[in-house]
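One structure below.
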Amino acid sequence: MAESDRQLLEVRPEALLEKVTELKTRGYRLVQICSTTLKDCYEMTYSFSIEYDLLNLRFTVKAGEKVPSISHIYPSAYFYENEIHDLFGVPIEFMTVDYKGRLYRTAVKAPYKLKQEEEGGGPK
Amino acid sequence: MKLSKSPWVLHYDGSSCNGCDLEILDSTTPVYDVERFGVVNTGNPKHADIFLITGGINAQNAPVVKQLYSQMPDPKVVVAVGICACDGGVFKDCYNILGGVNKVIPVDIYVPGCAVKPEAVIDGLRKAAELLDQKQKQMKKKRAAARKEG
Amino acid sequence: MSTRSVVPFGPHHPVLPEPIHLDLVLEDEKVVDVIPSIGFIHRGLEKLVEKRDFRDFVYVAERMCGICSFMHGMSYCEAVEHIMGVELPPRAKYLRTIWCELSRLHSHLLWLGLLADAFGFESLFMQCWRLREKILDMFEASTGGRLIFSVNKIGGQRRDMDNAMLHGFVEKLGGLEEDLKGITSTFLANSAVNSRLKGVGYMTKKMAQEYGVAGPFMRASGIARDTRKLGYDAYGDLNFEPITSTEGDCYARTQVRVRELFQSIDLIRQAVAKIPEGPVAVPIRGFPKGEYMVRVEQPRGEAIYYVKANGTKFLDRFRVRTPTFANVPAMIELMKGCRLSEIPMLILTIDPCVSCIER
Chain A
5 MAESDRQLLE VRPEALLEKV TELKTRGYRL VQICSTTLKD CYEMTYSFSI EYDLLNLRFT
65 VKAGEKVPSI SHIYPSAYFY ENEIHDLFGV PIEFMTVDYK GRLYRTAVKA PYKLKQEEEG
125 GGPK
Chain B
141 MKLSKSPWVL HYDGSSCNGC DLEILDSTTP VYDVERFGVV NTGNPKHADI FLITGGINAQ
201 NAPVVKQLYS QMPDPKVVVA VGICACDGGV FKDCYNILGG VNKVIPVDIY VPGCAVKPEA
261 VIDGLRKAAE LLDQKQKQMK KKRAAARKEG
Chain C
-1 MSTRSVVPFG PHHPVLPEPI HLDLVLEDEK VVDVIPSIGF IHRGLEKLVE KRDFRDFVYV
59 AERMCGICSF MHGMSYCEAV EHIMGVELPP RAKYLRTIWC ELSRLHSHLL WLGLLADAFG
119 FESLFMQCWR LREKILDMFE ASTGGRLIFS VNKIGGQRRD MDNAMLHGFV EKLGGLEEDL
179 KGITSTFLAN SAVNSRLKGV GYMTKKMAQE YGVAGPFMRA SGIARDTRKL GYDAYGDLNF
239 EPITSTEGDC YARTQVRVRE LFQSIDLIRQ AVAKIPEGPV AVPIRGFPKG EYMVRVEQPR
299 GEAIYYVKAN GTKFLDRFRV RTPTFANVPA MIELMKGCRL SEIPMLILTI DPCVSCIER
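Chains as they are written, first to last, in the numbering used here: chain A, 5 to 128; chain B, 141 to 290; chain C, -1 to 357.
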């Protein structure tokens, strides 16, 4: 995804809040938060934008690992975070508005969950 | 075709993509003008004779559909509009789709299409109105028979 | 002392064409808190990429939403095309642009009608939808479908429009433009209509920035950003400027969309004048491998399509961030402090597309 109008930065999950705060002070807006199920982990992509330039922050989390919420920095983030929590089962801490899994009331709980977690092999 | 009353319609969007809903609304606008058959779109289930439902059923909207259906007075006719409402359509394999509307309430008339054309909606409504008349007659007969016995 | 009460709004409500549920916490007439609940239309179509061939998935992507169906299919194709390194023939790019702008016209007219219906002006609703039929007729003439027309495929378009048809469309749009001037003046100048729209749901530029809102909702608060300026498809060759307003209220949002109607007609004229001859599709070989994020401007604002492919015929991930999803948190925030009677106007002026939010 490296092009003139976009870049991709790998960050450590611990450094997420610091980086996001920096982006906010530099005038970036939150575009989206996306999660992807890989073989043994979830890949989180946070997209920010200033004017027409796109900046993606990326890190991976293992099943059961907690991700800090950025909803107290970008107030609209709670909607994306609740979606990821409900569809992927990634636990997100300290959301300003926490639906506790009731934003999407799907028939299958966390349908995008890792296979190993479904079989009960993942950490509890 | 002779209709004894103006059938009022309740429209609910199950989990459709909007396409069929727009075509239902389209059929009420001047170009297609379903109102010439006396059909009026109402928001209140208690005023409605025909239940138009689009889209498939998922876990969250199933109770809503059941409730709307139960609030409609008898006789009533259910029309499944669009292929998703008929059997799930393109979303049949999705994890959150239980299937067509007939999974939760009895469906009388199926109008297939993706998205359905307003002409098809009107045809479905016309058939629904006929069925409504039949149901009304049957109800009257039953009531008369019950009165004789009582 | 005022008493608190909770008014449930939706999922079935006459003002809502689609189901969304809001719990409105009221103090007398004033809304003090709003708790949204969604998921009535959640189908889970993003996960269907694991079961459908990436070429067939175009049909599913188009059925995400019946209003911007064309753009959903097109953007999905563009993401896959970019991963596969396919360069579209120029005529295909122009065709996509023309269909995109026709979709915008149809979407904005539809929205104007729904807005009119929400403030109880039913004849205006009928007028808007009558004019919209002319656009749908153009879709039907050029593709065979009215709302969902599946003309996209990976590598180009399934159908071409001949030049006689294109010029015929431009002529028809000229007539439509005159009709539009008549009905849109009712929205912008009628005092009864204005009293429902002016000063309602005011959003500052700062808030629009902070909540990351999109589309006319954002441009009405004075931010001049239009994703079409990225120059995807043929937009790079066309001459236009983002339409903005500084008022930030429901009236401003209506004004922006009304002016975008005329902008779209102008863009179609420019595109038809410049469209080159040539093929409309290129063959594709192999399977995609890699990832890409496409940004396009839908009638409701900037939409993001993310595709991750692994070199097989099934994709790893397809994700869409639709503009309405980005607009809902800001809409919830704006509702706090409004009167109950203003809620329908507020919901309508973000132009909600619930099936887009929930997918």
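Glycine included, every Cβ here is placed at the ideal spot set by N, Cα and C.
Small disclaimer: the values here were computed from a predicted structure and weren't measured.
- Near chain B, meaning a CB-to-CB distance below 9 Å, the residues of the segment 338 to 354 of chain C are 351, 352, 353 and 354.
- For residue 2 of chain C, the number of other beta carbons within 10 angstroms of its own is below 16, and it is reported as exposed.
- Under the criterion of beta carbons closer than 8 Å, residue 29 of chain C and residue 334 of chain C qualify as touching, at roughly 6 Å.
- Around residue 237 of chain B, the beta-carbon contacts reaching into chain C at under 7 Å are 41.
- In the DSSP assignment, residue 347 of chain C forms no beta bridge with any residue.
- Chain A places no beta carbon closer than 8 Å to that of residue 146 of chain C, leaving this residue out of the contacts.
- Under a 10 Å Cβ-count criterion, residue 22 of chain C is classified as buried, with 16 or more other Cβ atoms of the shown protein chains found around its own Cβ.
- Your pair residue 158 of chain B and residue 64 of chain C checks out as a contact, with CB atoms roughly 4 Å apart and the cut at 8 Å.
- For residue 49 of chain C, the secondary structure class from DSSP, reduced to helix, strand or coil, is coil.
- The beta carbon of residue 33 of chain C lies closer than 6 Å to those of 21 in the same chain, with the five residues before and after it left out.
- DSSP places residue 98 of chain A in no alpha helix (DSSP H); its state is neither H nor E.
- Here the alpha carbons of residue 268 of chain C and residue 233 of chain C stand approximately 10 Å from one another.
- For a cut-off of 8 Å, the C-beta gap from residue 234 of chain B to residue 252 of chain B is around 19 Å, too long to register as a contact.
- Here the C-alpha atom of residue 120 of chain C lies approximately 21 Å from the C-alpha atom of residue 185 of chain B.
- For the pair residue 98 of chain C and residue 136 of chain C, the CB atoms are not nearer than the 8 Å cut-off.
- Not flagged as an interface residue toward chain A: residue 207 of chain B, since no C-beta distance is shorter than 8 Å.
- Looking only at C:35, C:31 and C:26, the smallest Cα-Cα distance to residue 10 of chain C is reached by C:35.
- Any Cβ of chain B closer than 8 Å to the Cβ of residue 24 of chain A would place that residue at the interface, and such an atom is absent.
- Within chain B, the residues whose beta carbon sits less than 7 Å from that of residue 115 of chain A are 235, listed in sequence order.
- Here residue 200 of chain B carries a coil assignment [DSSP, helix/strand/coil].
- The three-state reading of DSSP puts residue 170 of chain B in coil, since its state is none of H, G, I, E or B.
- Under a criterion of Cβ atoms nearer than 9 Å, the residues of chain B adjacent to residue 110 of chain A are, in order, 198, 199, 200, 235 and 236.
- Only 150, 151, 152, 153, 154, 155, 156, 157, 158, 159, 160, 161, 162, 163, 165, 166, 168, 169, 170, 171 and 172 from the segment 145 to 172 of chain B bring a Cβ to less than 9 Å from some Cβ of chain C.
- With fewer than 16 other Cβ atoms inside 10 Å of its own Cβ, residue 139 of chain C counts as exposed.
- Taking 8 Å as the cut-off, the Cβ atoms of residue 62 of chain C and residue 282 of chain C do not count as close.
- Using beta-carbon distances, residue 195 of chain B counts as an interface residue toward chain C, with a partner under 8 Å.
- In this chain, the beta strand (DSSP E) harbouring residue 288 of chain C covers 287 to 296.
- Contact with chain B is found for residue 38 of chain C, since one of that chain's Cβ atoms lies less than 8 Å from the residue's Cβ.
- Each residue's CA atom was taken as its position, placing residue 84 of chain C and residue 45 of chain C some 25 Å apart.
- Annotated three-state conformation of residue 238 of chain B is coil, per DSSP.
- The Cβ atoms of residue 73 of chain C and residue 294 of chain C sit closer than 8 Å to each other.
- Under the three-state reduction of DSSP output, residue 71 of chain C falls in the helix class.
- Residues of chain C whose Cβ lies closer than 8 Å to the Cβ of residue 204 of chain B are, in chain order, 9, 10, 17 and 38.
- Leaving aside the five residues that flank residue 116 of chain A on each side, the residues in its chain whose CB is nearer than 6 Å to its CB run, in chain order, 41, 91 and 92.
- When the Cα atoms are used, residue 130 of chain C and residue 109 of chain C turn out to be separated by approximately 10 Å.
- Around the beta carbon of residue 161 of chain B, 16 or more other beta carbons lie within 10 angstroms, which makes this residue buried.
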